Amino acid sequence: MEYENLYANRIGGSNFGKDTTIYKFEKIKRAKAKAKINNPDLEILDFGVGEPDKIAPKIIRDSLKIAVDKSENRGYSDNGISVFKNAALKYMDNFFGVKLNADTEINHNIGIKSSLSMIPLAFINEGDVVFQTVPGYPVMATHSKYLGAEVINIPLLEENNFLPDLSSISIDHAKKAKLFYINYPNNPTGAVANDKFYDELIEFALKYNILIVQDAPYATLVFNQDYKSILQRPNAIKCAIELHSMSKSFNMTGWRLGFFCGAPWAVKALAYIKDNSDSGQFKAIQEAAAKGIADMQLAKEISDHYKKRLESMVNVLKSVGFNANMPKGSFYLYVKAPKGADNIIFKNAEDAALFLIENFGISTVPWDDNGAFLRFGAVFESKDHEDDKRVLNLLSERLDNANLIF
Ligand SMILES: Cc1ncc(COP(=O)(O)O)c(C=O)c1O
C-alpha cells in the first residue's frame, strides 16, 4: 500500500515526515538533554516553558471534587452549560466592563488552540488572505494556511511598541483579507494594546470587511495598568471576536477550558463549526471553573506571583547588561539577545539560547523574526517565594560568569 500518497498536500503530501530541518524548540530540547548528560548535577533553570508553574486555585480544585460525583454532569456538554456561561459573562463584566448578550455573543470552548483550528473552517476559502502578527503563537494562522489562505505576516517591532503598523499593509491584501489575528497581552513580547490602536484596527476591519480575531489567554495577567479587551471599544462588537482561556489566567492549562465572544455573526458560525467538531468540555470542569473565574482577587493573586518574579528577573538581567524592562502583560520577559560571549559571536538569538543552555543550564526561547530576542518566562520551577530568590541568584551568578557581550 502506498500509504504516503494518502497524506494531504497541506501537511506535505508524500513528503510528510521527511523534512530533516530541526526546529528551534527541538534544538533547545536536545541542548537541554545534552546539558544534563554533560553535567548531571547542574540544576537546569528553565525559563523556556510557556505554562504556569502552579496548580489551579484550591476553590476550583475542591469544586471539581464535588462536581465529578454528580450524575447530571456525566454527559456531553455540546456548546457549554449555563453555569459556566454565566461565570464567563461575569468575568467579562468584572474585568473589562464588557456586557455581552448571553444568547448570541458568547460560547464556551475546549481552549483557544481548539478554536483557532475551527475559525478558518467558518471563514476561509482557498485564496483568501489572513493577517497575523509575528513573532507570535505559531498556531494562530496555521489552520488558515491548511485551508489555502495566503498568510501575511505583520511584524511587531520594538519601535512601534510591538503593535502592527496598519499603514504598512497593501490595499490589495486588505481587500482580499478575511481575518486579522492579533494577540494581546502578547506572547512573546509582553506588549498590551492601547485604545488608539484598537480603534484604528476596528476602523480598518470595518473598511475592508475583515474579522479581527483577538487571542487573549493572558488577559488577566497585566501589570500596573487596567484590564483591556478589544470589546471595550466602540464598534468592536461588529467586527471582532476575542478568545479567552482559563489556561494561563487560572493555572488550568491541562483542564482545556475557555470561551469565545464578540460579533454575534462570528460567534454563531464558530459555534456551529464547534458543535460539529467536539462535544464540549466535561461539565464538572465547567462547573468547577465557574466558582473562580470571575473572582478578581483570585486573578490578582495569580498575576502578583508573576509580577514579583518578573520584577526580580528584570533586575537580574539588567545587572548583567540586558536591556530589560517590566512587560505590560503576559508572563514573559522579552529582551534583545546578547551579541556574543567572551570571544564567541552569536549569529542570532538561537545561537545565544543554545549557548546559555549548553554551557550554563539556562533555558530560554529564542525569537529571530524581527531582530534577535530571547524570551524568559516567569514560570520557572521553585518551591516557594523564598526559593524563587535562590533560583534567581543562581541565574544572576551564571549570567555573570557567561561574560555576555551586548
Ligand atoms: C498566544 C497564545 N494563544 C493561545 C494559547 C493556547 O491557549 P489554550 O491553552 O487556551 O489553548 C497560548 C498558549 O501558549 C498562547 O500563548
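Mapped onto our numbering, the consecutive letters of the sequence shown carry residue numbers 2 to 407. Quick reminder that beta carbons are idealized off the backbone N, C-alpha and C, glycines included. Note that this is a predicted model, so its numbers are computed, not measured.
Given this structure, state the Cα-to-Cα distance separating residue i from residue j, to the nearest angstrom.
i	j	result
N324	I238	38 Å
N126	I406	48 Å
G341	F347	5 Å
F96	E243	14 Å
V392	A36	18 Å
E201	K30	40 Å
V152	I56	36 Å
E398	N371	30 Å
V84	E204	35 Å
H109	N404	49 Å
C240	G112	22 Å
W368	N80	37 Å
L400	S278	47 Å
E177	D388	Just to set this straight, residue 177 is Lys in the shown sequence, not Glu. When rounded, the distance between both Cα atoms is 53 Å.
S171	P339	34 Å
D305	N252	13 Å
N360	T254	31 Å
I38	I23	20 Å
N402	K146	44 Å
P426	A34	Residue 426 lies beyond the residue range present for the chain, which begins at 2 and ends at 407; the question has no answer from this structure.
T21	G293	45 Å
P165	E3	45 Å
E312	E159	20 Å
F224	K301	10 Å
L395	I363	10 Å
F124	A142	12 Å
I303	N10	43 Å
Y185	Y8	35 Å
M247	I345	43 Å
S250	P218	7 Å
M297	D173	44 Å
E288	L167	41 Å
What does residue i pair with, by DSSP beta-bridge criteria?
i	result
C262	I107, E243
I346	G341
A178	V130
N154	Q133
G378	Y333
I183	Q215
L232	Answer is none; L232 lacks a bridge partner.
P367	L375
I406	G341
V223	G330
Under 7 Å Cβ to Cβ from residue i, same chain only, skipping five residues before and after it: list those, please.
i	result
E5	S15
G191	P328, K329, G330, S331, Y333, L334, Y335
G378	F48, G49, V50, G51, F332, Y333
N228	The amino acid occupying residue 228 in the given sequence is Tyr; Asn does not appear at that position. Correct list, in chain order: F96, F97, A220, T221.
Y307	L222, F332, A379
M314	L334, F377, A379, L393
M119	L271, I274, K275, S278
Y77	S280, G281
F409	Only positions 2 to 407 of the chain appear in the structure, and residue 409 is not among them; the question remains open.
H144	L117, S118, P121
G322	L405, F407
V1	Because the chain is modelled from 2 through 407, residue 1 falls outside the range shown and cannot be assessed.
N154	Q133, V135
T365	F48, G49, A354, L357, L375, R376, F377
L207	N236, K239, C240
Here's a check: name, in chain order, each residue in its chain whose Cβ is nearer than 6 Å to the Cβ of residue i, leaving out the five neighbours to either side.
i	result
F1	It is not possible to answer for residue 1, since the shown part of the chain is limited to 2 through 407.
L355	A32
W256	I286
D343	N404
L122	I274
M149	Reading off the sequence shown, one finds Gly at residue 149, where the question assumed Met. Same-chain partners within the cutoff: E127.
S169	none
Excluding the 5 residues flanking residue i on each side, which residues of the same chain have their C-beta closer than 8 Å to its C-beta?
i	result
A285	L65, A68, V69, K71, N74
I107	K86, A89, L90, M93, L101, F260, F261, C262, V268
R234	D196, Y199, D200, I203
N349	A338, P367, D369, A373
Y209	A175, K176, A178
D54	V380, F381, E382, S383
L318	A325, L334, V336, F377, L400
G13	K19, D20
Query raised in the report: Touching or not, the region 261-268 and the region 65-75, by the rule of three or more beta carbon pairs under 8 Å?
Result: With a cut-off of 8 Å, the region 65-75 and the region 261-268 do not count as touching, because too few Cβ pairs lie within range.
Query raised in the report: Hey, which unbroken runs of the beta strand (DSSP E) at 3 residues or more fall wholly within the region 94-144?
Result: Every beta strand (DSSP E) stretch that sits fully inside the region 94-144 and reaches 3 residues is listed by chain position as 107-110, 130-135.
Requested in this report: Run through the region 186-216 for me and flag every whole alpha helix (DSSP H) of 4 or more residues, listed as ranges in chain order.
Outcome: As far as the region 186-216 is concerned, its whole alpha helix (DSSP H) runs of at least 4 residues are 196-209.
**Report entry** Inside the region 282-311 only - alpha helix (DSSP H) runs reaching at least 4 residues
**Finding:** Look at the region 282-311 and you find these whole runs of alpha helix (DSSP H), each 4 residues long or longer: 284-291.
Query raised in the report: So, do the region 70-81 and the region 35-42 have three or more beta carbon pairs nearer to each other than 8 Å?
Result: No contact exists between the region 70-81 and the region 35-42.
Query - Completely contained alpha helix (DSSP H) runs for the region 39-76, where each covers 4 or more residues - result: You should have 59-68.
Report task. Check each residue's C-beta against every heavy atom of ligand 2 and list, in chain order, those closer than 5 Å. Result -> In the structure shown, ligand 2 is absent; the only ligands present are ligand 1.
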